[in-house]
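Asker:
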Amino acid sequence: MSEPNVHTLYERAKRLIPGGTQLLSKRPEMFAPGRWPAYYRSAHGCEIVDHDGRTYLDMSSMGIGSCLLGYADADVTQAVVARVEAGAMSSLSVADEVELAELLTSLHPWAQQVRYARSGGEAMTVAVRIARAHTRRDVVAFCGYHGWHDWYLAANLASGDDDQLRDHLLPGLAPLGVPRGLAGTALPFSYNRLDQLEAIFAEHQGEVAAVVMEPLRRDDPQPGFLAGVRALCDSHGAVFVFDEITAGWRFALGGAHLNYGIEPDVAVFAKAFGNGHPMAAVIGRESVMRAAEETFISSTYWTEGAGPAAALATVRKMQRVDVPGHVERIGARMRDGLANLAQAHALPLEVSGRNALLHLSFDHPDHLALQTLLTIEMLDRGILAGAGFYGSLAHRDEHVDAYLAAAEEAAGVLAAAIEAGDALKRIGGQVRHTGFRRLT
Ligand SMILES: Cc1ncc(COP(=O)(O)O)c(C=O)c1O
């Protein structure tokens with residue numbers, strides 16, 4: 133019997149695995165339903181060979197931001213293989229945990245202690261537990277996305293507004309399975325809106341355990357915003373937590389907060405920290421982190437050795453090579469090239485976000501059809517491209533050139549589709565999904 137092709141395999145997956153994939157952002161439906169190749173055989177640099185043996189240049193998310201050095205980076209792979217061959221798990225712990233803690237605290241002198249986990253959302257949950265244990269309080273004020281866990285989805289249990297996550301994660305997320313007793317424990321505020329955070333503190337005097345946010349995402353912090361959050365946390369005795377899961381290492385060597393001179397009480401790293409290998413760290417001030425000795429936080433596979441080996445090799449490489457500078461330059465070339473071809477073809481294409489993490493959208497009533505068509509046209513030219521571009525160290529000028537040459541041809545097709553109003557017909561299937569919905 134011949135091997136199933138990538139699409140029939142995914143159809144089987146949808147019957148066996150609810151939701152198809154383990155991460156919403158990896159669903160093929162989020163790119164081009166029925167066309168995006170769900171499975172891969174191998175990935176090196178910024179090239180992926182899919183399950184059917186087709187080779188693609190990855191100009192999309194590079195493993196949802198996890199492979200900032202590129203796929204199968206030689207230095208990281210060597211360290212991980214050495215650890216695997218030496219035994220990645222045993223009854224004892226690996227010394228790399230200690231060395232890594234020293235490295236993290238030397239890069240972030242405000243932090244003295246470190247705990248480890250293996251994925252971003254769980255590490256954020258560790259951080260929130262520590263903050264709650266330290267303050268003996270329940271309420272978390274947050275901005276942005278921080279994972280799938282109960283403490284966070286509880287925001288949508290709010291009475292009067294059960295869609296509080298619409299601007300932070302996705303609209304219309306039912307908090308099914310999250311205990312109703314958590315209602316009122318997770319309160320959102322918008323980035324750069326200090327007034328909203330002030331209102332939360334005013335309304336919940338003595339109840340706020342933590343303020344949880346990314347130092348930045350799409351927008352720059354307005355002057356005084358991050359310092360204002362720091363001052364509010366100080367005056368109300370709340371723990372200031374920076375989620376550096378996506379921003380860390382991409383915008384600075386360490387947490388992106390280092391660029392702004394604002395010191396949190398806790399910072400959380402995952403994704404690029406292990407460059408494709410599961411690894412996460414919660415770093416913090418000793419006064420706060422000590423609470424982790426009073427509340428039970430413990431897991432078997434947080435002690436395996438491949439994660440710390442990967443993170444040590446990753447961070448050491450980032451100390452040798454200016455990764456933030458590289459992805460900034462590559463992203464700037466992408467942004468300029470896309471702006472030029474949008475202008476040349478009169479396409480309503482908008483490129484937003486920061487150069488190291490670009491976002492593409494269309495200001496057009498058929499925006500989803502146009503995005504899907506762009507992805508399909510790029511797939512036909514051997515390139516994985518979606519609504520975002522996460523640059524990596526593996527992306528070189530020749531990859532940007534190849535992308536822009538293919539995008540130039542695709543832009544012609546899109547311009548013709550807009551002219552004829554037939555983008556949907558050209559897709560010949562469904563438009564991409566944008567949110568969380570049932571697949572079966
Ligand atoms: C800022 C931020 N926090 C938390 C998470 C969740 O991390 P993970 O998917 O590793 O659980 C993500 C993932 O996209 C993220 O970008």
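Residue 299 in my numbering sits at position 167 of the sequence shown, with consecutive numbering throughout.
Built from N, CA and C at the ideal position, the CB exists for glycine as well.
Could you check whether the Cβ of T378 sits closer than 8 Å to any heavy atom belonging to ligand 1?
Answerer: It does: the Cβ of T378 is within 8 Å (strictly closer) of some heavy atom of ligand 1.
Asker: Roughly how many whole angstroms lie between the Cα atoms of Q245 and G469?
Answerer: About 44 Å.
Asker: State the beta-bridge partners of M345 as determined by DSSP.
Answerer: F374.
Asker: Any chance the region 432-446 sits against the region 261-272, with 3 or more Cβ pairs inside 8 Å?
Answerer: With the cut-off at 8 Å, the region 432-446 and the region 261-272 do not touch.
Asker: Spatial neighbours of L285 within its chain, please: CB distance less than 6 Å, with the 5 preceding and 5 following residues excluded, ordered by chain position.
Answerer: Correct list, in chain order: P307 and V310.
Asker: Measuring alpha carbon to alpha carbon, tell me which residue in E530, A542, G553 and S524 is nearest S192.
Answerer: Measuring from the Cα of S192, the nearest candidate turns out to be S524.
Asker: Is D270 near ligand 1, going by C-beta to nearest heavy atom under 8 Å?
Answerer: False, no ligand heavy atom lies under 8 Å from that Cβ.
Asker: If I follow the unbroken alpha helix (DSSP H) through T267, where does it start and stop?
Answerer: Element bounds for T267: G252 to T267.
Asker: Kindly indicate which three-state DSSP category Q328 falls into: helix, strand or coil?
Answerer: Three-state result, Q328: helix.
Asker: Taking contact to mean at least 3 C-beta pairs separated by less than 8 Å, is the region 509-522 in contact with the region 532-541?
Answerer: Contact holds: three or more Cβ-Cβ distances are below 8 Å.
Asker: What's the C-alpha gap between A334 and G360?
Answerer: Roughly 15 Å between the two C-alpha positions.
Asker: Taking 8 Å as the cut-off, does the CB of A402 come closer than this to any heavy atom belonging to ligand 1?
Answerer: The answer is yes for A402.
Asker: Determine the extent of the beta strand (DSSP E) in which T187 is found, giving its start and end residues.
Answerer: Counting along the chain, the beta strand (DSSP E) containing T187 begins and ends at T187 to D190.
Asker: Enumerate in chain order the residues of its own chain whose CB-to-CB distance from F568 is below 7 Å, with the five nearest sequence positions on each side excluded.
Answerer: The answer, listed in chain order, is L156, L302 and L305.
Asker: Could you spell out the range, first to last residue, of the alpha helix (DSSP H) harbouring A179?
Answerer: Here residue 179 is Glu; the residue named in the question, Ala, does not match the sequence. Element bounds for E179: not the alpha helix (DSSP H) but the beta strand (DSSP E), E179 to D182.
Asker: Between the region 244-263 and the region 464-478, do at least 3 Cβ pairs fall closer than 8 Å?
Answerer: Verdict: no, contact absent.
Asker: So what does DSSP say about H477, is it helix, strand or coil?
Answerer: Three-state DSSP puts H477 in coil, outside helix and strand.
Asker: Reducing DSSP to helix, strand and coil, say where P320 ends up.
Answerer: Strand.
Asker: According to DSSP, is A526 helix, strand or coil?
Answerer: Three-state result, A526: coil.
Asker: Alpha carbon to alpha carbon, how far is T504 from G560? Give it in angstroms, no decimals.
Answerer: C-alpha separation (whole angstroms): 10 Å.
Asker: Mapping DSSP to helix, strand and coil, what is A249?
Answerer: A249: strand per DSSP, three-state reduction.
Asker: Hey, is H300 close to ligand 1, as in C-beta under 8 Å from one of its heavy atoms?
Answerer: For ligand 1, not one heavy atom lies less than 8 Å from the Cβ of H300.
Asker: To the nearest whole angstrom, what separates the beta carbons of A404 and L200, a pair I think is in contact under 8 Å?
Answerer: So it is a contact: roughly 4 Å between Cβ atoms.
Asker: What would DSSP say about L148, mapped onto helix, strand or coil?
Answerer: Three-state DSSP puts L148 in a helix.
Asker: Less than 8 Å separating the Cβ of I415 from some heavy atom of ligand 1?
Answerer: I415: no, Cβ never under 8 Å from ligand 1.
Asker: Here's the rule: buried if 16 or more other CB atoms are within 10 angstroms of the residue's CB, otherwise exposed. What is M133?
Answerer: Unreliable positioning characterises M133 in this predicted model, as indicated by a pLDDT of 47, which lies under 50. The coordinate reading is nonetheless provided below. M133 is exposed by the Cβ-count criterion.
Asker: Have a look at E346, M256 and D533 and flag the residue whose alpha-carbon is nearest the alpha-carbon of H300.
Answerer: That would be E346, whose Cα lies nearest to the Cα of H300.
Asker: Under the DSSP definition of a beta bridge, which residues are partnered with F494?
Answerer: L481, per the DSSP bridge assignment.
Asker: For A399, which of helix, strand or coil comes out of DSSP?
Answerer: Residue state, collapsed to three classes: strand.
Asker: Three or more C-beta pairs under 8 Å: does that hold for the region 394-411 against the region 197-215?
Answerer: Counting Cβ pairs under 8 Å, three or more are found: they touch.
Asker: Helix, strand or coil: which one does DSSP assign to F568?
Answerer: F568 falls in the coil class under three-state DSSP.
Asker: Counting Cβ pairs, one atom from each stretch, are 3 or more of them under 8 Å apart for the region 142-149 and the region 486-504?
Answerer: The region 142-149, when compared against the region 486-504, does not touch it at the 8 Å Cβ threshold.
Asker: Quick one: is Y296 buried, meaning 16 or more other Cβ sit within 10 Å of its Cβ, or exposed?
Answerer: Looking at the sequence shown, residue 296 is not Tyr but Gln. When all chains shown are included, Q296 counts as buried.
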